[in-house]
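Novice:
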Amino acid sequence: MAQGDVFEAVSRRSVVLGAASLCVLVAWPRVDEALHPGGPGRETDSPALRHDVDPQGVTRVRTSRRWVALTFDDGPDPRFTPDVLDVLRTYGCRATFFAVGSNVEAHPDLARRIVAEGHRLSNHTHDHVWLDRVDTDTVADQLIRGRDAVAAFDPTGGRLVRPPRGWTSRSVARSTSELGMRSVYWSTCLESALHDGPAVAGGAVGAVLGPGDVLLAHDGGRVVGPNPQDLDRSRTVEALPVLLERLRRRGLVGVPVQDLVASGTPH
559 MAQGDVFEAV
569 SRRSVVLGAA
579 SLCVLVAWPR
589 VDEALHPGGP
599 GRETDSPALR
609 HDVDPQGVTR
619 VRTSRRWVAL
629 TFDDGPDPRF
639 TPDVLDVLRT
649 YGCRATFFAV
659 GSNVEAHPDL
669 ARRIVAEGHR
679 LSNHTHDHVW
689 LDRVDTDTVA
699 DQLIRGRDAV
709 AAFDPTGGRL
719 VRPPRGWTSR
729 SVARSTSELG
739 MRSVYWSTCL
749 ESALHDGPAV
759 AGGAVGAVLG
769 PGDVLLAHDG
779 GRVVGPNPQD
789 LDRSRTVEAL
799 PVLLERLRRR
809 GLVGVPVQDL
819 VASGTPH
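Position 178 of the sequence shown, counted from 1, bears residue number 736 in the numbering used here, the numbering being contiguous throughout.
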C-alpha cells in the first residue's frame with residue numbers, strides 16, 4: 559500500500575486507489591456465518607462489496623464542482639483533532655467529522671469547535687461497534703445513540719453515518735434506511751498511503767484525488783468500548799498540509815461530504 563510523490567502518475571493512481579478499498583489498521587480474522595447475525599459473513603473491505611450490500615451508500619459523487627469531500631473518523635480526540643482543525647483553517651477547507659458518540663460526549667468542547675469553524679459532525683456509531691457483527695437491535699441502538707450525541711451540536715449531521723471500518727451488510731443497510739439515515743464510505747484513504755511517510759503520502763494522495771472523491775482520514779486514535787483502540791494519528795496530521803496544498807495547486811476545494819452530495823449524484 560505504499561505511495562510516493564516521486565512515483566509515476568499511473569503507478570501512483572493504481573496504488574492509492576487500490577489502498578482505498580482497504581483502509582484497515584490490522585488484518586482481522588474472517589467471521590463464521592453463525593457468528594455474523596447482522597450480515598452475510600464477509601467483511602465489506604472493497605467498494606464493490608459495499609455497493610453490493612448497500613447500493614444507496616455514497617462512495618463518490620458525480621459533480622460539476624471541483625470539490626473533494628474531506629472526512630475524518632474516530633474523534634474527537636484532544637491529542638489530534640485540534641491540530642487537524644488548525645490545518646483545515648489554514649487552508650480554508652471544511653470537512654465532515656464522523657464522530658464516535660462516546661467521544662463527542664467526552665469532549666464536547668471539541669465537538670463545539672468543529673461546528674463553530676464551519677465543519678459538520680456526522681455519525682460513526684456511539685461506541686465504534688462493527689455493525690455487521692451484531693444483531694439488528696444493537697445496530698439501531700448504536701445508530702440512534704450516535705445520532706443523538708452528534709445532534710447536540712449539529713442537529714442534522716447524524717443523518718449521515720459511516721459504519722466503522724466500512725463494514726456493512728444488507729441488514730445494516732436496511733436498518734440505516736429505516737432510521738432515515740444514509741451511509742457514507744470513501745474512495746481514497748490517506749492512512750493507507752502512510753507507509754512511505756507523511757510528506758510522500760500527502761503528496762501522492764493529493765495528486766490522485768479528483769472532483770467528487772471522498773477522502774477518508776482519522777482525527778481520532780482512542781476509542782473505548784467493545785473494540786478498543788489507542789492509535790497515534792500524528793502522521794496523519796503531518797500529511798494533511800501536504801495533501802491540502804496539492805489540492806489547492808490543482809484547483810480542488812475540500813468540503814464537507816454533505817455539500818458534495820448536494821452538488822451532484824452520489825454513487
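C-beta: ideal position from N, C-alpha, C; glycine also.
For the alpha helix (DSSP H) that contains Asp790, what are its first and last residues?
Specialist: Element bounds for Asp790: n/a, residue is neither H nor E.
Novice: Assuming His825 and Thr617 are in contact, meaning their beta carbons sit under 8 Å apart, how far apart are those beta carbons, in whole angstroms?
Specialist: His825 to Thr617, Cβ: 7 Å. Contact.
Novice: Mapping DSSP to helix, strand and coil, what is Asn785?
Specialist: Asn785 falls in the coil class under three-state DSSP.
Novice: With respect to the beta strand (DSSP E) encompassing Leu628, which residues constitute its N-terminal and C-terminal limits?
Specialist: Per DSSP, Leu628 belongs to the beta strand (DSSP E) from 625-631.
Novice: Return the CA-CA distance between Arg608 and Asp706, expressed in angstroms with no decimal places.
Specialist: Each residue's Cα considered, the two are about 25 Å apart.
Novice: In this structure, does DSSP put Pro640 in helix, strand or coil?
Specialist: Helix at Pro640.
Novice: What does DSSP give as the partner residue(s) for Arg780 in the beta ladder?
Specialist: For Arg780, which the question treats as bridged, DSSP gives the partners Asp788.
Novice: On the premise that Val758 lies in contact with Thr734, defined as a C-beta separation below 8 Å, what is that separation, rounded to the nearest angstrom?
Specialist: That pair is no contact at about 36 Å.
Novice: The alpha helix (DSSP H) spanning Val815 covers which residue range?
Specialist: It spans 815-820 - the alpha helix (DSSP H) in which Val815 sits, taken as one unbroken run.
Novice: Please name the residue, chosen from Gly715, Ala731, Pro605, Val815, that lies closest to Pro769 on a Cα-to-Cα basis.
Specialist: When only C-alpha atoms are compared, the closest one is Val815.
Novice: Thr648 by DSSP, collapsed to three states: which one?
Specialist: Correct three-state label for Thr648: helix.
Novice: Assuming contact is defined by CB atoms lying nearer than 8 Å, are Trp625 and Leu748 in contact in what I supplied?
Specialist: Result no, Cβ atoms of Trp625 and Leu748 do not sit closer than 8 Å.
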